[in-house]
Amino acid sequence: MSSFRLFLLSVAGLMLALPLGAQGARNIGEVRVDVSGAAIAVRVVGSSPELQALAQTAFNSHGRYRLVASGQAYEFKFTAAGGNQVRVDITRGAAGTPVHSETVAGATARQALLRAADVAVAKTNGLGLRGFFTSRLAFVSKRTGRTEVYASDRFFGEAKQLTRDGGHVLTPRWSPDGSRVVYTSFFRSNAPDVFATNVATGGRETLVSFRGTNSGARFSPNGQQMAVVMTGEGSPEIYVTNAQGRQPARKTRSDAVKSSPCWSPDGSQLVFAMEPGPQLYVMSVAGGAPRRLQLNLGTYAAEPDWSRTDRNKIACTVRLGRQYQIAVFDLATGSGKVVSKASFDGVEPSWLPDGRHLVYTARDRVSSYLCILDTETGNSRQIGSVDSAAMQASVWSP
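Using the working numbering, read the sequence shown as starting at 74 and increasing by one per residue.
Take a look at the structure:
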């Protein structure tokens, strides 16, 4: 196997020697830091046990809030309103002063509840944060015994298998409109190619299958282009194609291995990982020399994800000693900061739409799980149960 393919598998997080989940798996995603003074105390109630349980799960994962039984700053009451509708009533303090009431609809009652919870966040967080409960995940799991791509809501509800390739799949990434997921797969040959699956129909489309290896594709913010790594001309280089994977334009020119291209929110720049190290580099899509980001957090930085909400934030995976952690580079200050505080590895970050939280893969020697991380506090909570082994998540938000 070539050095590039080994690097590709490593950076993508697909540790073939380590199972996604194993007998005796444990919750490795829990990190709790006491930040009660900075969080808003809320009481969450529902008109049914199901509504209340989902609403409490949602707010328990949000770093801006902490659940209380009394002494709340706000109460959020969620009531089934017929059909796939949920009403949210927000009151302030023990006196129950009305703040806001709204009835929202969804494709399902579950989706309506999550939309109503996002309304509560928007009306009370005080920091201008956007809600993220209606976000959707695309991720890799071995639920069938082989790695396949799945989609679900932010809490693993309404999960749907999107691929049936029967071969190793890597790095699923949403299209901006949420209709397709682009991913890398080895199912056709011994070399990876890039495919897209239609989320509604499950139809598969070959996008990039040029000579050599083709991997790490990602749609531009407007959905009209893709960035992808290809080796057709020798060394792994970053190309930009149209949305159908055609008309490739080469953007980098060096012998160094490159991976994980990601677009800036306005689509004018790309951030990617490049050897030696690797380290992170930014370059204009129009061309020019890449500029290294000085994280000063060790000799390894990879898997960048540029926040769509805050153009100054790039999340990535760094290695500190023998352990991988999640870091955020601030383009405004030119500094990097480790934001995870775990005893296990944290890799493959993907921003949620509020620009504060992200989803990442937590892993140890026997398990890999998706977790949500509050980058302000370091609090981390596993998504789903210990049986919900998954990795390589990509977030999409309506």
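The C-beta atom is built at its ideal place from N, Cα and C for all residues, glycine as well.
> What is the residue span of the alpha helix (DSSP H) that T130 lies within?
Replying inline: 122-133
> For R319, is the classification buried or exposed, using 16 other Cβ atoms within 10 angstroms of its Cβ as the cut-off for buried?
Replying inline: exposed
> Nearest-angstrom Cα distance between D403 and R384?
Replying inline: 9 Å
> Is it right to say E310 is buried, meaning 16 or more other beta carbons lie within 10 angstroms of its own, or is it exposed?
Replying inline: E310 is buried by the Cβ-count criterion.
>> My output table needs one value for V194: the three-state DSSP class, helix, strand or coil.
In response: Helix at V194.
> Could you give the uninterrupted runs of the beta strand (DSSP E) lying entirely in the region 292-354, keeping only those of 3 residues or more?
Replying inline: 298-303, 310-315, 331-336, 342-347
> What number of angstroms, rounded off, separates the C-alpha of R454 from the C-alpha of R160?
Replying inline: 27 Å
>> By the DSSP assignment, the beta strand (DSSP E) with T164 in it spans what residues?
In response: 158-165
> A375 and S333: beta carbons closer than 8 Å?
Replying inline: Their beta carbons are under 8 Å apart, which means A375 touches S333 by this criterion.
> Just the Cα atoms here: how many angstroms apart are A185 and S225?
Replying inline: Approximately 15 Å between the Cα atoms of the pair.
> Taking contact to mean at least 3 C-beta pairs separated by less than 8 Å, is the region 177-184 in contact with the region 134-147?
Replying inline: no
> Going by alpha carbons, who is nearest to L353 out of A400, T382, D328, R381?
Replying inline: A400
> Would S109 be called buried (16 or more neighbouring beta carbons within 10 Å of its own) or exposed?
Replying inline: Reliability of the predicted coordinates at S109 is poor, the pLDDT of 47 falling under 50, and the value obtained from them is presented with this limitation in mind. So S109 ends up on the exposed side.
> What beta strand (DSSP E) runs, 3 residues minimum, are completely inside the region 246-300?
Replying inline: 253-258, 266-271, 277-281, 287-292
> Identify the residues that DSSP records as bridge partners of I456: which are they?
Replying inline: DSSP output for I456 lists no bridge partner at all.
> Quick one, which of Q298, G275, P349 has its alpha-carbon nearest L343's?
Replying inline: Checked all of Q298, G275, P349; the closest Cα to L343 is Q298.
> How many Å lie between S262 and L280 at the Cα?
Replying inline: So the alpha carbons of these two residues sit roughly 15 Å apart.
> With 16 other CB atoms within 10 Å as the buried threshold, where does Q367 fall?
Replying inline: Under this definition Q367 is an exposed residue.
> Among V313, G296, N369, S413, which has the Cα closest to the Cα of V302?
Replying inline: V313
> What whole-angstrom Cβ distance do G119 and E148 have, given they're in contact under 8 Å?
Replying inline: At roughly 12 Å, the Cβ-Cβ gap does not stay under 8 Å, so G119 and E148 are not in contact.
> Going by DSSP, which residues form a beta bridge with Q367?
Replying inline: BP columns for Q367 are empty, so no partner.
> To the nearest whole angstrom, what separates the beta carbons of A269 and V254, a pair I think is in contact under 8 Å?
Replying inline: 7 Å
>> If I follow the unbroken beta strand (DSSP E) through F205, where does it start and stop?
In response: For F205, no beta strand (DSSP E) run applies, since DSSP gives it neither H nor E.
> How about S121: is its C-beta nearer than 8 Å to some C-beta of chain D?
Replying inline: Absent here is chain D; the protein component of the structure consists of one chain.
> What's the call for K386, buried or exposed, on a 16-neighbour Cβ count within 10 Å?
Replying inline: buried
> V213 to R188, Cα distance in whole Å?
Replying inline: 25 Å
> Just to confirm, are S467 and A128 a CB contact at a threshold of 8 Å?
Replying inline: no
> Start and end of the beta strand (DSSP E) containing E231?
Replying inline: First-last for E231: undefined, no H or E at that position.
> Under the three-state reduction of DSSP, which class applies to R436: helix, strand or coil?
Replying inline: In the three-state DSSP reduction, R436 falls in the strand class (E or B).
>> So, with DSSP's three-state summary, where would you put R237?
In response: coil
> According to DSSP, what are the bridge partners of E148?
Replying inline: R116, T164
>> Going residue by residue through the region 369-439, where are the continuous beta strand (DSSP E) segments of at least 3 residues, counting only ones entirely within it?
In response: 374-379, 386-393, 396-403, 408-411, 418-424, 430-436
> Can you tell which of S337, S293, S308 has its C-alpha closest to the C-alpha of A329?
Replying inline: S308
> Per DSSP, what kind of secondary structure is A111 in: helix, strand or coil?
Replying inline: helix
> Among T325, A346, C389, E348, which one has its Cα closest to the Cα of A359?
Replying inline: T325
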